[in-house]
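K.L.:
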Amino acid sequence: MAGILERYRQFYDFGDNFPIISLEEGNTPLIPACNVGDAVMQKSGKTGLKVFLKFEGLNPTGSFKDRGMTYAVSRAVQEKHTHIICASTGNTSASAAAYGARAGLKTLIILPSGKVALGKLSQAILYGASIVEIDGNFDQALDIVRELGSTGKVCIVNSINPYRLQGQKTGAFEVCDVLGEAPDDLFIPVGNAGNITAYWMGFKEYADKGITQKRPRMNGYEAEGSAAIVFNRKIENPETLATAIRIGNPASWDGAVAARDESGGRIDSVTDDEIVAAYQFLAAREGVFCEPSSAASVAGLFKAAELGQVQDNATIVCVLTGNGLKDPDSAIKFGSPERAQLPADAGQVAEFFRL
Ligand SMILES: *Cc1c(COP(=O)(O)O)cnc(C)c1O
């Protein structure tokens with residue numbers, strides 16, 4: 080199975096001598112989630128709902144960022160850049176470093192110090208990137224990247240690079256290809272708001288080409304402590320344990336608002352407690368291990384159910400943006416407390432398990 084650029088080649092115009100830098104990204108599973116569906120029906124009193132999880136944590140570096148990075152890095156090579164640069168809450172840097180390594184480019188990374196999950200940092204380090212942690216947040220890191228990018232010496236691979244969103248729209252294509260039609264509702268975490276913008280582009284493109292008959296409502300969820308779009312103002316000091324969406328001034332703000340308004344959807348926020356509850360539910364009830372930020376989509380769906388915002392017989396897709404293995408600290412902190420250290424003794428072990 081080829082990567083997204085080869086599989087969806089007809090939706091792009093690559094020009095001549097286009098080198099595809101790919102790690103066979105995309106083609107991630109759309110997992111039926113009956114237990115989430117039952118909980119949503121119970122909370123809302125609605126019937127006939129079907130819920131699916133688009134598990135983007137199974138991309139080559141463990142997040143959806145790979146869909147955009149394959150295109151951005153391929154273009155960087157085509158345009159003869161030698162260096163790529165990004166600001167990151169973690170996943171963009173892991174992805175950039177991997178594709179940069181594969182393409183033989185130097186990858187430069189700026190991170191908010193102390194706010195990047197360990198798995199993501201370890202990826203960037205082993206892929207061989209050059210890494211600066213700043214005493215500041217993501218938005219400040221992105222400001223520095225914009226400044227360094229304007230010198231022309233480096234190619235920016237954050238989602239302000241339009242090829243990123245062009246690659247990420249294939250997530251929407253895959254959802255439609257598997258369902259045979261667009262879903263009624265998409266639920267998706269919102270950080271820098273690139274992904275909701277990209278999914279909307281993808282759904283519109285399929286509908287415009289007559290491949291699908293309808294477009295989904297786009298429901299984006301920010302973390303309450305970083306909910307710039309919901310509150311309609313920049314957040315100077317964004318806070319949330321969902322570090323991948325800890326962003327106070329989303330670069331694709333306008334794209335997210337357009338997706339919401341054109342689709343009749345909504346942008347709302349979820350609290351850290353709601354995010355953690357969904358994170359635990361997905362792992363303990365569905366066997367799906369995503370990172371906390373990803374669970375904002377399902378937390379949003381649960382919230383919408385409680386507010387009576389879901390409809391009978393709806394087909395609903397929740398995007399799970401990243402893999403839970405990236406953030407072992409959160410898993411250990413919020414996972415099962417049923418653990419013990421015991422001597423190598425069957426009797427004591429049996430007692431602990433209450434057998
Ligand atoms: C990047 C990221 C997001 C946020 O996506 P945006 O395009 O910035 O809105 C959400 N979850 C995870 C795991 C991410 O890596």
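Under the numbering used here, the first residue of the sequence shown carries the number 80, and numbering increases by one thereafter.
For glycine and all other residues, C-beta sits at the position ideal for the given N, C-alpha and C.
(1) Any heavy atom of ligand 1 closer than 7 Å to the CB of N274?
(2) Going by other Cβ atoms of all chains shown within 10 Å of its Cβ, with 16 needed for buried, is F432 buried or exposed?
(3) Are the CB atoms of E301 and S348 nearer to each other than 8 Å?
(4) Tell whether a beta-carbon distance below 8 Å holds between L132 and V367.
(5) Just to confirm the assignment: which complete alpha helix (DSSP H) runs, minimum length 4, are found wholly within the stretch 333 to 417?
(6) Answer with buried or exposed for V49, where buried requires no fewer than 16 other C-beta atoms within 10 angstroms of its C-beta.
(7) Check whether the stretch 287 to 300 touches the stretch 256 to 267, counting contact only when three or more Cβ pairs, one atom from each stretch, lie closer than 8 Å.
(8) Identify which residue in L320, W332, S342, E385 has its Cα closest to the Cα of I354.
(9) Between E370 and ligand 1, is the CB less than 7 Å from at least one heavy atom?
(10) Suppose you measure from the CA of N237 to the CA of P422; what does that come to, to the nearest Å?
(11) Just to confirm the assignment, what range does the alpha helix (DSSP H) spanning L184 have?
(12) Give, in chain order, every unbroken run of the beta strand (DSSP E) that is at least 3 residues long and sits entirely within the stretch 124 to 210.
(13) Identify whether F266 lies in helix, strand or coil by the three-state DSSP scheme.
(14) On the CB-based measure, 16 or more other CB atoms within 10 Å of its CB, does R418 come out buried or exposed?
P.N.:
Judging by the given coordinates:
(1) Ligand 1 has a heavy atom closer than 7 Å to the beta-carbon of N274.
(2) Exposed, by the Cβ-count rule.
(3) With respect to S348, E301 sits close: the two C-beta atoms are nearer than 8 Å.
(4) Taking 8 Å as the Cβ cut-off, L132 and V367 qualify as a contacting pair.
(5) For the stretch 333 to 417, whole alpha helix (DSSP H) runs of length 4 or above, ordered along the chain, are 351 to 365, 375 to 385, 407 to 413.
(6) This structure leaves residue 49 out entirely; the chain is present only between 80 and 434.
(7) Contact holds: three or more Cβ-Cβ distances are below 8 Å.
(8) Ranking L320, W332, S342, E385 by Cα distance to I354 puts L320 first.
(9) Placement of the Cβ of E370 at a distance of less than 7 Å from at least one heavy atom of ligand 1 is found.
(10) Each residue's alpha carbon lies about 50 Å from the other.
(11) According to the DSSP assignment, L184 belongs to no alpha helix (DSSP H), since it is labelled neither H nor E.
(12) Every unbroken stretch of the beta strand (DSSP E) spanning 3 or more residues and falling wholly within the stretch 124 to 210 is given here in chain order: 129 to 134, 162 to 166, 185 to 191.
(13) The three-state reading of DSSP puts F266 in strand, counting E and B together.
(14) Using a 10 angstroms sphere on the CB of R418, the tally of other CB atoms stays under 16, which defines it as exposed.
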